[in-house]
Amino acid sequence: MDNQQSTTNKSWETVIGVEIHIETNTKTKMFCGCSADYFGAKPNTHTCPVCLGLPGALPFINQEAIEKCIKIGLALGCSISEHSLFERKNYFYPDLPKGYQISQYRWPLCTNGTIEIDGEYGKKTIRINRAHQEEDTGKLTHIGSETFIDFNRSGLPLVEVVTEADFRNSEEVRDYAKKLQQIIKSIGVSEANMEKGDMRLEANVSVRPQGQEDLAPYRVELKNINSFKFIGDAIDYEVERQIKLLEKGEKITQHTRGYNERKKETFLQREKEEANDYRYFPEPDLPPLSVAKEEVEKIRAGLAELPGKKIANLEKIGVSEKVAVIITASDQKFDIFQEAITKIDSAEIAPLATFFVNQGSKSQSAEELLELFKSVTQQKSTQIQDEGELTKIAKEVIGENEKVIADYKSGKLNAVQILIGQLMKKTQGKADPIKAKNILVKLLS
Amino acid sequence: MSKVKIDINHIAKLANLPLSAEEEKTYDKQLTAILEYVKHVESVDTKDVEPTFNVTPNKNITRKDTASKSLTQDEALNNVSNKKNGFVVTGGVFENE
Amino acid sequence: MSDLTQLTLTETISGLEKKDFSTEELNGAYLTRIKKLNPKLNSYLFVNEESNKIPAAIKDIISVKGMPLTCGSKILEGYIPPYNATVIKKLMANSVSVLGKTNLDEFAMGSSGENSAYEKARNPWDVSKVPGGSSSGSAVAVAADLCAFALGTDTGGSIRQPASLCGVVGLKPSYGRVSRYGAQSMASSLDQIGPITKTVADARLVLNWIEGADGKDNNAVPNPKSQIPNPKSIKGTKIGVPIEYFAKGLDQDVEEVINTALNKLKDLGAETVEVSLPHTQYSVATYYLLMASEVSSNLARYDGIRFGKDRSKFGPEAKRRIILGTFALSAGYFEDYFIKAAKVRTLIKQDFEKAFQKCDVIAGPVSPTVAWNLGEKISDPLTMYLSDIYTLSASLAGIPGLSVPCGFSAGLPVGLQLLGEYMDEETILSVGEIYQSATDWHKQKPGLN
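Chains as they are written, first to last, in my numbering: chain A, 1 to 445; chain B, 1001 to 1097; chain C, 2001 to 2449.
Right under this line is the structure:
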């Protein structure tokens, strides 16, 4: 497949935009007081007139959901709109009790953000068009000729994050989705658990002749995909399928496709036809939102550190990027590590990080981690203690890291941590870190 | 907004409204007359006029994220004509797979 | 003891307090009268024999737990709401019980009561005439002494117009004064629940009971101006008379009755000033575009899955408005229709704001004519829509409107409409109450046997 793509890519360019839905972790639903803690509950036990769409029921905005949507917006560098409105998206489906979904369209809460991704394709900035607030639908199960409906999920708060069509391949999409998941988890607004459906991926895929500036006259929506792997596979399959059709001179029309994981194929779900005129209009049951600047700043101040920043900080103290990514992937791991490093010599930070990751981050507390770490390092009879040998290796490291040395000499004392990391790597972690550090500092002064 | 013709068939489909041929004819005629009448709003000068969607002074009126009692399953399903094992049931929904 | 049914709400409460009669006697008297007259008037769709407090008639678009809710439509046949509307909770907290659910135009869409999918309600003053709509059954119940008071809903005149045509008092509160929670929405940005009563003093009392935010209607205004329990003097009150409400189309006899009423208010110390509401001529078009758009969305929940029957069971007017509204919102027309109408709505609202710089209340007719014959306008929807010309603007502006009986034309009641500034129910209630203290029109009863 990779071969095929690289040959076809000479004449065709893939264009992808991504929409990701995130169910935020409020206590109650978006517009009613029903408990949002519905996972595993009996069907239709978390409902009320509002989320069942009974005659006369009206929505009422959940403050917490709005705050969480703003947090997501801020984490993505969005502007928070001073004037924002809910609108109704009108369509008929049995999982949509009111016959419309309360969503945002012309006046979204958060607009114009970015996410940086980094991979074999290089560093890339993905533009976020918007992050808006909406509500979830009920859950359908199709059995034979019948459809079973559970409205427990109906009305849960969903934030939809929409990118510009900035992606050119499935790798970028996968990295973006992973990065977004990491951010969402780190700011604590959702578990972003894909299996539970907290996070759902959609990609709009089209291809155009290489060099063409205009977007293709169609796009295919890939919907309801619940893993990073599958979204990549689905996109790869879809791109190949579209190129084949276009090369045969066929026209592709706007439509929605699902992904069959077993067959590893996309399949037609819904033709985009006239029935998709959503007739958005301002939700007359809800007053406008107008979030004051001070309120936004308050929320901004309360935001947890973002993973990108956390990773950069760990790198500064000598932890390799790869290890840093693993440690920052969970708040718990990160907190344990942060606490542990306050109790050790700075030279031990990089080895501790590597140790923590190698043991599968099993330690449940900083104390437990340090105890294990020390017992293991002390047991190491093979540890390199010889100053002559260490000096030799340290000189090698200094010779290979001119830029780091320059940084160090210009005052960035933390740069020494990177050198220790390199030295540990060279000795496969066997060097006595404290001795190694002393030698490095001496050589550099 | 000059001469507007309603495509009743298309609109009825959007509105999920089953109409008989007779009804289609009647509504076509009546709605053409109504649209002909409402056309005169076109002549109002609304340059620099903001639309009114909500007449209240309300802004940022939100509720606290505290749970209230839900309906019981029985209450929720009381008016449902087709139900099974606590689920609401409807005829098969079109979805390819 | 059938004279108990003739008491106003205020008199009823005082009688109960003084133990002149019991709630059993009170409800018994009403139930007896309903049994006798309802087959002729079709005011009630459902009667609650268990009613045991101050008996109220509730428009059957408002949910009462455990009592059938039809909204005047076949689509809801068999539906029993599992919850009470906020207004019902509030009434119950004030010793009120629901005596029954009253007839209406299907989903509150109509001006004559004839769009009900059930037996049509009739005007107690002449059963060959329409009672007005859409709160037809509620107005009839009050006019025929079939309840102590009633609740209706008003989206474009549905409380004021039937109150006028039946010779009773009807108050549409400011939008946001009363929680709409539990009343099936017709046009959410316009709907308000309000009282239909025998006197203005009764309307003041009921408003006091039902007003206020409830954490359920996000548009209910948290701190509306407070009400005072008694009318304030109207000496020096400036009454604006809009020239557009006395133009072509207003029945001459009705005009005469209204002018007499205005003179009476002058005798009582008020002053009249001419005002202009120049965008009145666009109110019907503006209203029908916005209302129908909202209707098309509000009635989308009727799919027969969670309650009720399938969508073929909508009546003709509901279908007509769903089609019009779906069209006005559809791709390519939204800007020209919906947004354009929302802008004209701003101008209509500004008309009132300008007029209220010159006056304290605005007065005029509720309806251009008195009650018309059953069947007269039903096949011509546009003519029917045009009969709402004097009530629609206030709905679009969100301001309060009161209909007060002020005389008769050809033996049928005429109502005086009093419009107030946003959230200023106080002034129109005071003008209405002082007018009633000096006139007897509200004491006239239809000759029913």
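Beta carbons are placed, not taken as given, at the ideal position from N, Cα and C, and that holds for glycine.
As the structure is a computational prediction, the values presented were derived from the model and not from experiment.
Spatial distance of residue i from residue j (CA atoms)
{"i": "Cys34(A)", "j": "Ser1070(B)", "result": "6 Å"}
{"i": "Ile72(A)", "j": "Pro287(A)", "result": "22 Å"}
{"i": "Lys121(A)", "j": "Gly77(A)", "result": "The sequence as given places Tyr at residue 121(A); Lys does not occur at that position. Using only the alpha carbons, I get a separation of about 23 Å."}
{"i": "Glu116(A)", "j": "Pro1057(B)", "result": "41 Å"}
{"i": "Gln2161(C)", "j": "Ser2367(C)", "result": "6 Å"}
{"i": "Asn226(A)", "j": "Met194(A)", "result": "6 Å"}
{"i": "Glu2017(C)", "j": "Leu2026(C)", "result": "13 Å"}
{"i": "Asn358(A)", "j": "Lys322(A)", "result": "12 Å"}
{"i": "Asp407(A)", "j": "Gly421(A)", "result": "16 Å"}
{"i": "Ile149(A)", "j": "Phe1053(B)", "result": "34 Å"}
{"i": "Asp233(A)", "j": "Val205(A)", "result": "13 Å"}
{"i": "Ile1061(B)", "j": "Leu2396(C)", "result": "22 Å"}
{"i": "Asp1065(B)", "j": "His21(A)", "result": "21 Å"}
{"i": "Ile2234(C)", "j": "Lys2266(C)", "result": "10 Å"}
{"i": "Ser2283(C)", "j": "Asn2223(C)", "result": "29 Å"}
{"i": "His255(A)", "j": "Glu221(A)", "result": "6 Å"}
{"i": "Glu339(A)", "j": "Leu370(A)", "result": "10 Å"}
{"i": "Phe334(A)", "j": "Ser84(A)", "result": "36 Å"}
{"i": "Asn1078(B)", "j": "Ala1021(B)", "result": "35 Å"}
{"i": "Ala2011(C)", "j": "Asp2020(C)", "result": "Strictly speaking, residue 2011(C) in this sequence is Glu, with Ala absent from that position. If you take the alpha carbons of Glu2011(C) and Asp2020(C), they lie about 11 Å apart."}
{"i": "Ser2179(C)", "j": "Ile2378(C)", "result": "32 Å"}
Contact list for residue i against chain B, beta-carbon separation under 7 Å
{"i": "Gly2407(C)", "result": "Ordered by position in chain B, no residue passes the 7 Å Cβ test against Gly2407(C), which lies about 32 Å from the chain."}
{"i": "Val2344(C)", "result": "Val1041, Val1044, Thr1046"}
{"i": "Pro2082(C)", "result": "Leu1071, Glu1075, Asn1078"}
{"i": "Ile515(A)", "result": "With chain A covering 1 to 445 only, the question about residue 515(A) has no answer from this structure."}
{"i": "Ser2312(C)", "result": "Pro1018"}
Three-state secondary structure assigned by DSSP to residue i
{"i": "Trp2372(C)", "result": "coil"}
{"i": "Asn2115(C)", "result": "coil"}
{"i": "Arg174(A)", "result": "helix"}
{"i": "His83(A)", "result": "coil"}
{"i": "Gln133(A)", "result": "strand"}
{"i": "Arg88(A)", "result": "strand"}
{"i": "Ile398(A)", "result": "helix"}
{"i": "Thr26(A)", "result": "coil"}
{"i": "Lys98(A)", "result": "coil"}
{"i": "Leu413(A)", "result": "coil"}
{"i": "Leu2347(C)", "result": "helix"}
{"i": "Asp118(A)", "result": "strand"}
Closer than 9 Å at the beta carbon, the chain B residues around residue i
{"i": "Thr2326(C)", "result": "Ile1011, Ala1012, Leu1014, Ala1015, Leu1017"}
{"i": "Ser2330(C)", "result": "His1010, Ile1011, Leu1014"}
{"i": "Thr45(A)", "result": "Ser1070, Leu1071, Thr1072, Gln1073, Ala1076, Gly1086"}
{"i": "Lys42(A)", "result": "Gln1073, Gly1086"}
Other residues of its chain near residue i: CB distance less than 7 Å, five sequence neighbours each side excluded
{"i": "Pro55(A)", "result": "none"}
{"i": "Val2096(C)", "result": "Lys2053, Ile2054, Ala2056"}
{"i": "Asp1028(B)", "result": "Ile1006, Ile1008"}
{"i": "Phe267(A)", "result": "Arg257, Gly258, Asn260"}
Interface residues of chain B facing residue i [CB-CB closer than 8 Å]
{"i": "Leu215(A)", "result": "Those do not exist, as Leu215(A) stays about 26 Å from chain B at its closest Cβ, beyond 8 Å."}
{"i": "Phe2307(C)", "result": "Asn1079, Val1080"}
{"i": "Val2221(C)", "result": "Thr1056, Pro1057, Asn1058"}
{"i": "Lys2319(C)", "result": "Leu1017, Leu1019, Glu1023, Tyr1027"}
{"i": "Gln63(A)", "result": "Thr1062, Arg1063, Lys1064, Asp1065"}
Neighbouring residues, chain C, relative to residue i (Cβ below 8 Å)
{"i": "Glu1022(B)", "result": "In chain order: nothing, as chain C lies at least about 11 Å away."}
{"i": "Phe60(A)", "result": "Gly2215, Lys2216, Asp2217, Asn2218"}
Chain C contact residues for residue i, given Cβ-Cβ distances below 7 Å
{"i": "Thr1052(B)", "result": "Ala2342, Arg2345, Thr2346, Lys2349"}
Own chain residues within Cβ distance below 6 Å of residue i, not counting five before or after
{"i": "Pro2413(C)", "result": "Gly2167, Pro2405"}
{"i": "Lys139(A)", "result": "Asp150, Arg153"}
{"i": "Ala1012(B)", "result": "Leu1019"}
Beta-carbon proximity list for residue i, same chain, < 8 Å, skipping 5 on both sides
{"i": "Phe2338(C)", "result": "Leu2289, Leu2290, Ser2293, Ala2328, Leu2329"}
Neighbouring residues, chain A, relative to residue i (Cβ below 9 Å)
{"i": "Tyr2435(C)", "result": "Neighbours of Tyr2435(C) on chain A: none; closest Cβ ~34 Å, over 9 Å."}
Quiz item: Can you list, in chain order, the stretches of the alpha helix (DSSP H) that have 4 or more residues and sit fully within the segment 188 to 248 of chain A?
Solution: Complete alpha helix (DSSP H) runs here, min 4: 228 to 247.
Exercise. Please specify which runs of the alpha helix (DSSP H), each continuous and at least 4 residues long, are wholly inside the segment 2149 to 2227 of chain C, giving them in chain order.
Key: Whole alpha helix (DSSP H) segments, 4+ residues: 2160 to 2166, 2200 to 2210.
Self-check item: Minimum length 4: unbroken alpha helix (DSSP H) runs contained in the segment 291 to 351 of chain A
Solution: Qualifying alpha helix (DSSP H) stretches, in chain order: 293 to 302, 307 to 316, 321 to 328, 331 to 341.
Self-check item: Segments assigned beta strand (DSSP E), at least 3 residues, entirely inside the segment 2040 to 2114 of chain C
Solution: List check, beta strand (DSSP E) in window: 2044 to 2047, 2054 to 2059, 2096 to 2102.
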